[in-house]
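Positions 2 to 456 (the numbering used here) are the ones given, in order, by the sequence shown. Where is the CB? At the ideal position from N, CA and C, for every residue including glycine.
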Amino acid sequence: MPNAIKEALDIQPLVTGGKSVRDVTEDILRPVEAFPTSLWWKTFLLALTITVIDLGIIGYLVYEGLYILGINNPVGWGFFIVNFVFWIGIGHAGTLISAVLYLFRQEWRTGINRAAEAMTIFAVLTAASTLIIHIGRPWMGYWLFPYPNERGPLWVNFRSPLIWDTFAVSTYLTISLVFWYIGLIPDIAAVRDRATGKVRKMVYDILSFGWVGSNKAWSHLETVAMILAALSTPLVLSVHTIVSFDFAVSILPGWHTTIFPPYFVAGAIFSGFAMVVTLMVIAREVFNLKDYITMKHLENMNKVIMVTGLIVGLAYSTEFFMAWYSGNEYEGFAFVNRAFGPFGWAYFIMFSCNVFAPQVFWWKKLRTNIPVMFVISIIVNIGMWFERFVIVMTLHRDFLPSSWDVYVPTVYDFMMLLGTFGIFFTLFLLFCRLLPVIAVAEVKTVMPHKDGGHH
């Protein structure tokens, strides 16, 4: 295709720098094969330290009791459910990028899908850790699973949203993990073939399941990937819909509303893509992968952030309109209290970060500016955390004024919030060190020929 036509259509290559097939393998596998840099060690040790402190606080919480937290009678979940919904939302972009864009044959997914899939798994594991704690008696968490047992006729309450969460999150994690690992097998085999040490070669040989790269093996891999993508696609809608039922199936004003499922799904994709942008900007700088995580990848994700930000803004406005239009004084009070009550400052932060901040991406110059997109991606995730905070904490005023209270988080609440980031980044940094961050085999399929075409 002539360059003039490509420029007119705004077609940008997905691999830049005139890379050869050999260069792709060398560049992407270098972080796995080389000794970790001092920057990686410092970041990893910081994340690991935060994780260890978090585990210590969780142990102290189990030993001492819930009174060390800020939860009270009207606000019984506190930061636990806020963190849970936040991290489940973070994991949504990985499934969307991997499965949905795979089915629609969107080639721009190839540079970012591997890291997004890994982010999904680590975010779901992080969310699961808070889910187990917020049930109140974590040592009885296995009661959530419906299996024949010595408890006789005692079964789980299938009408409880906690049970729905268990099914949704475990299914989501299983499918995402299998889909991620299936795509990793050819790249693990590439690491195995280049390994020099016997132990390293043996470990990667086991992990690659003896992959030989034959036509039959590739055919089977692509068939399985297609099936898993088709299974994963409904999960994009179903998982966060079920998470929204934690709130929507209640009879509380401000929660009992049919807008919650689509509103939560849009918000999840919104925050998930923002986290992918944050991680990809860091990865392309730290691992020198600018030729594979190109501006086209980042710009497309910024467009998704802008669109889903508009949907979230519409949901906020619709909630207020329906509270007024319903004529229900309790519903109206819940939303007035949300915006102008004691936690009005949190609502202002939420609205500013989620609705106003992403609008800068209407301008191409700003949505292709690395510092701008990095800052906006962080602002969006701050706003999405505050969205869940606002939903949960504004219940501090219920039907009985004598039971009204204000939620004041303690240092333990904040430490456990910080600890979730420690768990997530510890897992993600280990992934970056041990496995290819970018799908080598898939990137090679979208490399441009010298004549401007594609494989």
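Take I207 as the anchor and find which of P187, E332 and D399 has the nearest alpha-carbon. Mapped onto the sequence shown, residue 207 falls at position 206. Closest option to I207, Cα to Cα, is P187.
Alpha carbons only, please: which of T279, S353 and M302 is nearest the one belonging to G314? By 1-based counting over the sequence shown, the position of residue 314 is 313. If you compare the alpha carbons of T279, S353 and M302 with that of G314, the shortest gap goes to S353.
Could you pull out every unbroken alpha helix (DSSP H) segment of at least 4 residues lying fully inside the stretch 74-138, listed in chain order? Within the stretch 74-138, the complete alpha helix (DSSP H) runs of at least 4 residues fall at 80-91, 93-96 and 114-135.
Okay, do the stretch 354-364 and the stretch 377-390 touch, 3+ Cβ pairs below 8 Å being the bar? The stretch 354-364 is in contact with the stretch 377-390.
CA-CA distance, N338 and H397? Against the sequence shown, residue 338 aligns to sequence position 337. Against the sequence shown, residue 397 aligns to sequence position 396. Straight through space, the alpha carbons of H397 and N338 are spaced by roughly 10 Å.
Give me the Cα-Cα distance between N73 and G18, rounded to the nearest whole angstrom. Taking the sequence shown and counting its residues from 1, the one referred to as residue 73 is at position 72. Taking the sequence shown and counting its residues from 1, the one referred to as residue 18 is at position 17. Straight-line Cα distance between these residues: approximately 58 Å.
If you draw a straight line from the C-alpha of M323 to the C-alpha of A267, how long is it? Residue 323 sits at position 322 when you count from the first residue of the sequence shown. Residue 267 sits at position 266 when you count from the first residue of the sequence shown. Answer to the nearest angstrom: the Cα atoms are 19 Å apart.
The alpha helix (DSSP H) enclosing W386, as first and last residue numbers: As a position in the sequence shown, residue 386 is number 385, starting the count at 1. Where W386 is concerned, the enclosing alpha helix (DSSP H) stretches over I371 to M394.
Which of the three DSSP states, helix, strand or coil, is assigned to L10? If you number the sequence shown from 1, residue 10 lands on position 9. With a pLDDT of only 41 at L10, under the threshold of 50, the placement of this residue in the model should not be trusted; the figure read from the coordinates follows. L10 falls in the coil class under three-state DSSP.
Hey, how far is the Cα of F265 from the Cα of V213? Along the sequence shown, one-based indexing puts residue 265 at 264. Along the sequence shown, one-based indexing puts residue 213 at 212. Straight-line Cα distance between these residues: approximately 43 Å.
With H, G and I counted as helix, E and B as strand and the rest as coil, what does DSSP make of H257? As a working mapping, residue 257 is identified with position 256 in the sequence shown. In this structure, H257 counts as coil in the three-state DSSP scheme.
Run through DSSP, which three-state label would F36 get? In the sequence shown, counting from the first residue as 1, residue 36 sits at position 35. Three-state DSSP puts F36 in coil, outside helix and strand.
Near G1, which residues of its chain fall below 7 Å by C-beta distance, leaving aside the five closest residues on each side in sequence? In the structure displayed, the chain extends from 2 to 456; residue 1 sits before or after that span and is not available.
Mapping the DSSP letters down to three states, classify S21 as helix, strand or coil. Stepping through the sequence shown from its first residue, residue 21 is reached at position 20. In the three-state scheme derived from DSSP, where H, G and I count as helix and E and B as strand, S21 is classed as coil.
Is there contact here, the stretch 164-184 with the stretch 114-132, by at least three beta-carbon pairs under 8 Å? As far as the Cβ criterion goes, the stretch 164-184 touches the stretch 114-132, which means the pair count is three or higher.
Straight-line Cα distance separating I59 from I424: Here residue 424 corresponds to residue number 423 of the sequence shown, with the count starting at 1. Here residue 59 corresponds to residue number 58 of the sequence shown, with the count starting at 1. Each residue's CA atom was taken as its position, placing I424 and I59 some 13 Å apart.
Mind the definition here: the stretch 45-63 touches the stretch 389-408 only if three or more C-beta pairs lie below 8 Å; say whether that holds. Short answer: they don't touch.
Quick one: grab the DSSP three-state call for V244. As a position in the sequence shown, residue 244 is number 243, starting the count at 1. Correct three-state label for V244: helix.
Assign V438 to one of three DSSP states: helix, strand, or coil. Here residue 438 refers to the residue found at position 437 of the sequence shown. Here V438 sits in coil by DSSP.
G345 versus T319 - alpha carbon distance: Mapped onto the sequence shown, residue 345 falls at position 344. Mapped onto the sequence shown, residue 319 falls at position 318. The straight-line gap from Cα to Cα measures roughly 18 Å.
Less than 8 Å between the C-beta atoms of V391 and A347, yes or no? Along the sequence shown, one-based indexing puts residue 391 at 390. Along the sequence shown, one-based indexing puts residue 347 at 346. With respect to A347, V391 sits close: the two C-beta atoms are nearer than 8 Å.
The stretch 282-300 contacting the stretch 252-266, beta-carbon criterion three pairs below 8 Å: Cβ pair count under 8 Å is below three, so no.
Return yes when at least one heavy atom of the ligand MG lies under 7 Å from the C-beta of A358, else no. Looking at this structure, you won't find the ligand MG or any other ligand, since it has none at all.
From the DSSP output, in three-state form, read off M448 for me. Mapped onto the sequence shown, residue 448 falls at position 447. In the structure shown, M448 sits in coil (DSSP, three-state: anything other than H, G, I, E or B).
With 16 other CB atoms within 10 Å as the buried threshold, where does V277 fall? Taking the first residue of the sequence shown as position 1, residue 277 is located at position 276. The C-beta of V277 has 16 or more other C-beta atoms within 10 Å across all chains shown, which makes the residue buried.
Three-state secondary structure (DSSP) at L401? Locating residue 401 in the sequence shown gives position 400, where the first residue counts as 1. Coil at L401, not helix or strand.
contact_flag[the stretch 94-106, the stretch 218-237] where n(CB pairs < 8 Å) is 3 or more: Touching, yes.
Do you know offhand how far F261's Cα is from A249's? For the purposes of this step, residue 261 is identified with residue 260 of the sequence shown, where counting begins at 1. For the purposes of this step, residue 249 is identified with residue 248 of the sequence shown, where counting begins at 1. Take the alpha-carbon of F261 and the one of A249: they are about 6 Å apart.
Using a 10 Å radius around the Cβ and a threshold of 16 neighbouring Cβ atoms, would you call E457 buried or exposed? Lying outside 2 to 456, the shown extent of the chain, residue 457 is not represented and no answer is given.
Output the distance between the C-alpha atoms of N303 and I228, rounded to the nearest integer angstrom. What you label residue 303 is simply residue 302 of the sequence shown in a count that begins at 1. What you label residue 228 is simply residue 227 of the sequence shown in a count that begins at 1. Taking the straight line joining both Cα atoms gives about 29 Å.
Find out if the Cβ-Cβ distance for the pair V25, K291 is shorter than 8 Å. One-based indexing of the sequence shown puts residue 25 at position 24. One-based indexing of the sequence shown puts residue 291 at position 290. No, they are not a contact pair.
First and last residue of the alpha helix (DSSP H) that includes W346? Here residue 346 refers to the residue found at position 345 of the sequence shown. That run of the alpha helix (DSSP H) goes G345 to F352.
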